[in-house]
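Participant: Have a look at this one before I ask anything.
In mature numbering (1 follows the signal peptide of the UniProt record, and there is no 0), the protein residues as written are -22 to -1, 1 to 150.
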């Protein structure tokens, strides 16, 4: 009896923690599937190191208000450009001396590449204002030494993940 209950509990736990769980994000006229729990898991493994290594506390690259001010119809474009920024500028320059954190940042980068590939199929229309928003993010990024900037951007991923989770909640 105890063995049977243990097996049922184990099966239930494995089902609840299934890494394949995803949310469908409706981005303007397009939908993509995002594994937000998986992103959170990998990020939680590198977050404290990224924040502790941020020596430019007074400077913010990404602000919640920046994301909240995205115009209607520009969510797809903004996410595509933001993922591009993280894949091409941030993860490629983020370094950790700890192998586990290197694996987690690689997993995050690969997940962003996958989401980006799905969004690319959407053919998002980008308005000039959205491009300017991303350009301002780039401008703040290049003010810092590249490894410091990458460290800061990884530390601010919380804002991106909260936004993605919010997009997923709007669709239910």
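The beta carbon of each residue, even a glycine, is placed where N, CA and C say it ideally should be. Small disclaimer: the values here were computed from a predicted structure and weren't measured.
Rank 85, 109, 62 by C-alpha distance to the C-alpha of residue 15 and give the top, closest one.
Facilitator: 85
Participant: In the structure shown, what three-state DSSP assignment does residue 13 receive?
Facilitator: coil
Participant: Keeping to the same chain, check which residues put their C-beta closer than 8 Å to that of residue 83; ignore five residues upstream and five downstream.
Facilitator: 20, 24, 69, 72, 74, 132
Participant: The alpha helix (DSSP H) that contains residue 116, what's its start and end?
Facilitator: For residue 116, the enclosing alpha helix (DSSP H) starts and ends at 106 to 120.
Participant: Taking the beta carbon of residue 94 as the centre, do at least 16 other beta carbons fall within 10 Å, making it buried, or is it exposed?
Facilitator: buried
Participant: Note down, in chain order, each residue of its chain lying with its Cβ closer than 7 Å to the Cβ of residue 125, except the 5 sequence neighbours on either side.
Facilitator: Within the same chain, residue 125 has close Cβ partners 71, 73.
Participant: Beta-carbon within less than 8 Å of residue 5's beta-carbon, same chain only, minus the 5 sequence neighbours each way: which residues are those?
Facilitator: 53, 54, 57, 97, 100, 102, 145
Participant: Hey, how far is the Cα of residue 79 from the Cα of residue 34?
Facilitator: 21 Å
Participant: By the 10 Å Cβ neighbour count, where 16 or more other Cβ atoms means buried, how is residue 76 classified, buried or exposed?
Facilitator: Under the 10 Å beta carbon count, residue 76 is surrounded by fewer than 16 other beta carbons and is classified as exposed.
Participant: Less than 9 Å separating the beta-carbons of residue 48 and residue 111?
Facilitator: yes
Participant: Starting from residue 4, trace the beta strand (DSSP E) both ways and give me its first and last residue.
Facilitator: 1 to 5
Participant: Report buried or exposed for residue 128, applying the criterion of at least 16 other Cβ atoms within 10 angstroms of its Cβ.
Facilitator: buried
Participant: Of all the options 130, 140, 142, which has the alpha carbon lying nearest to the alpha carbon of residue 26?
Facilitator: 130
Participant: Taking all protein chains shown into account, decide if residue 28 is buried (16 or more other Cβ within 10 angstroms of its Cβ) or exposed.
Facilitator: buried
Participant: What separation, rounded to the nearest whole angstrom, lies between the Cα atoms of residue 41 and residue 135?
Facilitator: If I take the Cα positions, the gap works out to 11 Å.
Participant: The alpha helix (DSSP H) with residue 91 in it runs from where to where?
Facilitator: Per DSSP, residue 91 belongs to the alpha helix (DSSP H) from 77 to 98.
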